[in-house]
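Below is one structure; the comments refer to it alone.
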Amino acid sequence: MKKRLEELFAQEGQKVFNYLRKILRSQEDAEDILQETFAAVYSKLATIEDAALPSYLFRTAYHKALNRIRQRKKDAQYNLSLQQPELLKSVEEQAEPTAQNAEIRAALAELSAKYASLIELKYFQDKSYREIAVTLDMTESAVDSGLVRARAKLKKIILKRRKSAELLSVKNEVRNKNGKM
Numbered sequence: 001m002k003k004r005l006e007e008l009f010a011q012e013g014q015k016v017f018n019y020l021r022k023i024l025r026s027q028e029d030a031e032d033i034l035q036e037t038f039a040a041v042y043s044k045l046a047t048i049e050d051a052a053l054p055s056y057l058f059r060t061a062y063h064k065a066l067n068r069i070r071q072r073k074k075d076a077q078y079n080l081s082l083q084q085p086e087l088l089k090s091v092e093e094q095a096e097p098t099a100q101n102a103e104i105r106a107a108l109a110e111l112s113a114k115y116a117s118l119i120e121l122k123y124f125q126d127k128s129y130r131e132i133a134v135t136l137d138m139t140e141s142a143v144d145s146g147l148v149r150a151r152a153k154l155k156k157i158i159l160k161r162r163k164s165a166e167l168l169s170v171k172n173e174v175r176n177k178n179g180k181m
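Start counting the sequence shown at 1; every next residue gets the next number (our numbering).
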């Protein structure tokens, strides 16, 4: 059984870690949840078929990540009097994205965990609708409609970011011209 878990970790460990890091937006939390996920899978390993193991692993990771996010919210409410919420690293700092997808990853960080998970599983983990449905315990039609909404929100975020960048560029140009005169 230990060998089976080691093989699973070798095959899926990095994918699950990257997935968790994108959902949680924290290296440390992703490491913690990865350990918790594999410990939970190990305790159920004898009852899980080999074919279902990757989906079970991702579903377990997803639910544990959501629990961590809920716990963060509770902690933030409890510590509200401190007025210093923990700053989360941006996706660019965490994942070292290529220049080609940096904009998408940064926008992805602004999506809710649910939509970010759908986008991550479909486009970065290359999972089918069926695999995503099993992983997230959803129907395939819910995955489809969720992806439609997630893409729309992502597009809106990207367009908003581009518009802000253009405005900033114009302001800088005006400042430079006024400063040179």
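Where a beta carbon is used, it is the ideal one built from N, C-alpha and C, also for glycine.
Check: Have a look at V170 and K163 and give me their C-alpha separation to the nearest angstrom.; Outcome: 11 Å
Check: Could you name the residues of the same chain whose beta carbon sits closer than 7 Å to that of F9, not counting the 5 residues immediately before and after it, in chain order?; Outcome: F38
Check: Would you call A61 buried or exposed, if buried means 16 or more other Cβ atoms sit within 10 Å of its Cβ?; Outcome: buried
Check: Give the secondary structure of L66 by DSSP, where H, G and I count as helix, E and B as strand, and everything else as coil.; Outcome: helix
Check: If you run the structure through DSSP and keep just helix, strand and coil, what is A46?; Outcome: helix
Check: Within 8 Å (strictly less), CB to CB, does E36 reach chain C?; Outcome: Among the chains of the structure shown, chain C does not appear; only one protein chain is present.
Check: Contact between the segment 123-142 and the segment 26-43: three or more CB pairs below 8 Å?; Outcome: no
Check: Hey, how far is the Cα of T47 from the Cα of I157?; Outcome: 43 Å
Check: May I have the straight-line CA-CA distance separating L34 from S112, to the nearest angstrom?; Outcome: 20 Å
Check: Note down the Cα distance separating K177 from L167, rounded to an integer number of angstroms.; Outcome: 15 Å
Check: Using 10 angstroms around the beta-carbon of K3, count the other beta-carbons present and answer buried if the total reaches 16, otherwise exposed.; Outcome: exposed
Check: Can at least three beta-carbon pairs, one atom from the segment 141-149 and one from the segment 63-72, be found at a separation below 8 Å?; Outcome: no
Check: Given A206, which residues of its chain have a CB within under 7 Å of its CB, disregarding the five upstream and five downstream residues?; Outcome: Missing from the structure shown is residue 206; the chain here goes from 1 to 181 and no further.
Check: Please state the DSSP three-state secondary structure of Q125.; Outcome: coil
Check: Do I104 and L121 have their CB atoms nearer than 8 Å?; Outcome: no
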